[in-house]
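Under my numbering, the very last position in the sequence shown is 383; numbers go up by exactly one each time. Reviewing the structure listed below.
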Amino acid sequence: MSAPRIFPCLLALAALTVGTACSSAPPITGGEPRASGVAGDGAASSADPATPATPEPTALTAEAYKSELGGRHDDMSKAIKSLAGARSLKVLDQRVVKAQETLQGTADELAALSPPAEIQPQHQAYVESLREVALRLGTSATRVGTGNLCTPGAVFTDLDDSLAALDRAGEALEDAGDYKADIVSVKAANKQNRRLRNGQWLRQGAGGGRSSLQIHNGGTRDAVVSLVRGKSKVYSVYVRKKGKFKISGVSDGNYRIYFTHGVDWDGKSGAFTRECSFERFQKPVKFKTTYTATQILWHDWRITLHAITGGNAPTSKVDPDDFPA
């Protein structure tokens, strides 16, 4: 039988007069020529108030500095750990911003302190490292907002060597006097491009039906396609870019089809780490098997995950938090 097709669609001025007044007063005569003034090199006289010199700030004692640093350490460490524990893109977005604000604010506060003289170099390096990581986190926050970075690991990787530099600066400050300064509890991995094989199942339903779904991913990024019946994800399969895969034996029912594109599949988090997008086909797909006295009829469907001319199946963006887990 001819299979129905389902394809996505690409989606006032005042004048001033100046006059001169003249008088005819008699000329002044007589008297002696006089001169007045102060001779000298321009220095202020002893009667002038002296400008007070700005006193140098008094360096903190080791204990006072340790207290100042320790009071801020926990907030920074908590912000980093919280960022690492983000489990959704929306939460990740919020926690990147929070970490950036926390580190930048702490750097400004520490810069205003006068540490013990013997640890001035380590203190200065630590403040500079905090500012650099905060700056990089600001850039990362923008990239999370646009879907370019999609997991905590991708954010830490995006920080590159600035995170390692902060780790070294914190350790150096601790070694200089047992100051609580090490806040980096994660290690940034190198940038990766992990992929599953084409057609690898992430979830495979029991099957047993006669219907099928042919998937063609003609895009430039890998994809994961999921079929949801009711509130349950029944099928989920990895389809590489330019790849095709056929889900056979689909049981009867109405299914919504969701798909996510991206780069670098993180199996632990079950998500792409970079360049991620989330969509679904607007209309559900119905699989139905009909039995007659002489025939067995069923539905076979075909979808494309890329725009094509004449496509008749519009798609919609999906909030990442609403994407089926």
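We put the beta carbon where it would ideally sit given N, CA and C, even for glycine.
* To do: Would you list the one or two residues that DSSP bridges to Ser319?
  => Within the sequence shown, residue 319 is the residue found at index 261, counting from 1. What sits at residue 319 in the sequence shown is His, not Ser. The partner list for His319 (beta bridge, DSSP) reads Ala281 and Ser335.
* Ala212 to Ile366, Cα distance in whole Å? -> Walking along the sequence shown from the start, residue 212 turns up at place 154. Walking along the sequence shown from the start, residue 366 turns up at place 308. Roughly 32 Å between the two C-alpha positions.
* Using the C-alpha atoms, what's the distance from Ile354 back to His274? -> Counted from its first residue, the sequence shown places residue 274 at position 216. Counted from its first residue, the sequence shown places residue 354 at position 296. So the two alpha carbons sit approximately 27 Å from each other.
* Asked: With burial defined as no fewer than 16 other Cβ atoms inside 10 Å of the residue's Cβ, what is the status of Gly98: buried or exposed?
  -> Taking the first residue of the sequence shown as 1, we reach residue 98 at position 40. Because the pLDDT at Gly98 is just 44, under 50, the model does not fix this residue reliably, and the point stays unresolved.
* Asked: Should Trp323 be labelled buried (16 or more other beta-carbon atoms within 10 Å of its own) or exposed?
  -> Taking the first residue of the sequence shown as 1, we reach residue 323 at position 265. Buried is the call here.
* Asked: If you draw a straight line from the C-alpha of Asp233 to the C-alpha of Ala120, how long is it?
  -> Stepping through the sequence shown from its first residue, residue 233 is reached at position 175. Stepping through the sequence shown from its first residue, residue 120 is reached at position 62. Between Asp233 and Ala120, the C-alpha separation is close to 13 Å.
* Rounded C-alpha distance that separates Gly288 from Asn312 -> The residue you call residue 288 lines up with position 230 of the sequence shown. The residue you call residue 312 lines up with position 254 of the sequence shown. Roughly 8 Å separates the two Cα atoms.
* To do: In angstroms with no decimal places, state the Cα-to-Cα distance between Tyr296 and Ile305.
  => Mapped onto the sequence shown, residue 296 falls at position 238. Mapped onto the sequence shown, residue 305 falls at position 247. Tyr296 and Ile305: Cα-Cα distance of roughly 11 Å.
* **Sequence ranges, alpha helix (DSSP H) only - wholly within the stretch 122-202, length at least 4** => 147-169
* To do: Would you kindly work out how many angstroms separate the C-alpha atoms of Tyr123 and Glu167, rounded to a whole number?
  => What you label residue 123 is simply residue 65 of the sequence shown in a count that begins at 1. What you label residue 167 is simply residue 109 of the sequence shown in a count that begins at 1. If you take the alpha carbons of Tyr123 and Glu167, they lie about 12 Å apart.
* Give, in chain order, every unbroken run of the beta strand (DSSP E) that is at least 3 residues long and sits entirely within the stretch 248-279. => 259-261 and 269-275
* Consult DSSP for Ser220 and reduce its assignment to one of helix, strand or coil. => Within the sequence shown, numbered from 1, the residue matching residue 220 stands at position 162. Ser220: helix per DSSP, three-state reduction.
* Compare the beta carbon distance of Val191 and Ser220 with 9 Å and say whether it is the shorter of the two. => Position 133 of the sequence shown holds residue 191. Position 162 of the sequence shown holds residue 220. Against a cut-off of 9 Å, the Cβ pair of Ser220 and Val191 comes out as a contact.
* Spell out the partners DSSP gives Lys375 in its beta bridges. => As a position in the sequence shown, residue 375 is number 317, starting the count at 1. Answer is Glu337.
* Where do the N-terminal and C-terminal ends of the beta strand (DSSP E) with Val295 fall, by residue? -> The sequence position of residue 295 within the sequence shown is 237, counting from 1. Element bounds for Val295: Ser290 to Val297.
* Asked: Asn370 to Gly325, Cα distance in whole Å?
  -> Taking the first residue of the sequence shown as position 1, residue 370 is located at position 312. Taking the first residue of the sequence shown as position 1, residue 325 is located at position 267. Distance between the alpha carbons of Asn370 and Gly325: 33 Å.
* Based on Cα-Cα distance, which residue from Val343, Arg279 and Ser335 lies nearest to Lys41? -> Absent from the structure is residue 41, since the part of the chain shown begins at 59 and ends at 383.
* Taking just the CA atoms, how far does Ile241 sit from Ile138? -> Stepping through the sequence shown from its first residue, residue 138 is reached at position 80. Stepping through the sequence shown from its first residue, residue 241 is reached at position 183. Computed Cα separation, rounded: 8 Å.
* **Under the three-state DSSP convention, the category Thr215 falls into** => One-based indexing of the sequence shown puts residue 215 at position 157. Reduced to three states, the DSSP call for Thr215 is helix.
* Take Val154 and list the residues in its own chain whose beta-carbon comes closer than 7 Å to its own, dropping the five residues that flank it on each side. => Sequence index remark: in the sequence shown, residue 154 carries index 96 (1-based). So the qualifying residues of the chain are Leu141, Leu195, Ser198, Ala199, Val202 and Val213.
* Asked: CB-CB under 7 Å to Phe381, same chain, minus the five flanking residues each way: which ones, in chain order?
  -> The count along the sequence shown starts at 1 and reaches residue 381 at position 323. Within the same chain, Phe381 has close Cβ partners Tyr316, Thr318 and Phe336.
* **Proximity of Val321 and Leu271 at Cβ, strictly below 9 Å** => As a first step, residue 321 is located in the sequence shown; it is residue number 263 there, counting from the start. As a first step, residue 271 is located in the sequence shown; it is residue number 213 there, counting from the start. Their beta carbons are not under 9 Å apart, which means Val321 does not touch Leu271 by this criterion.
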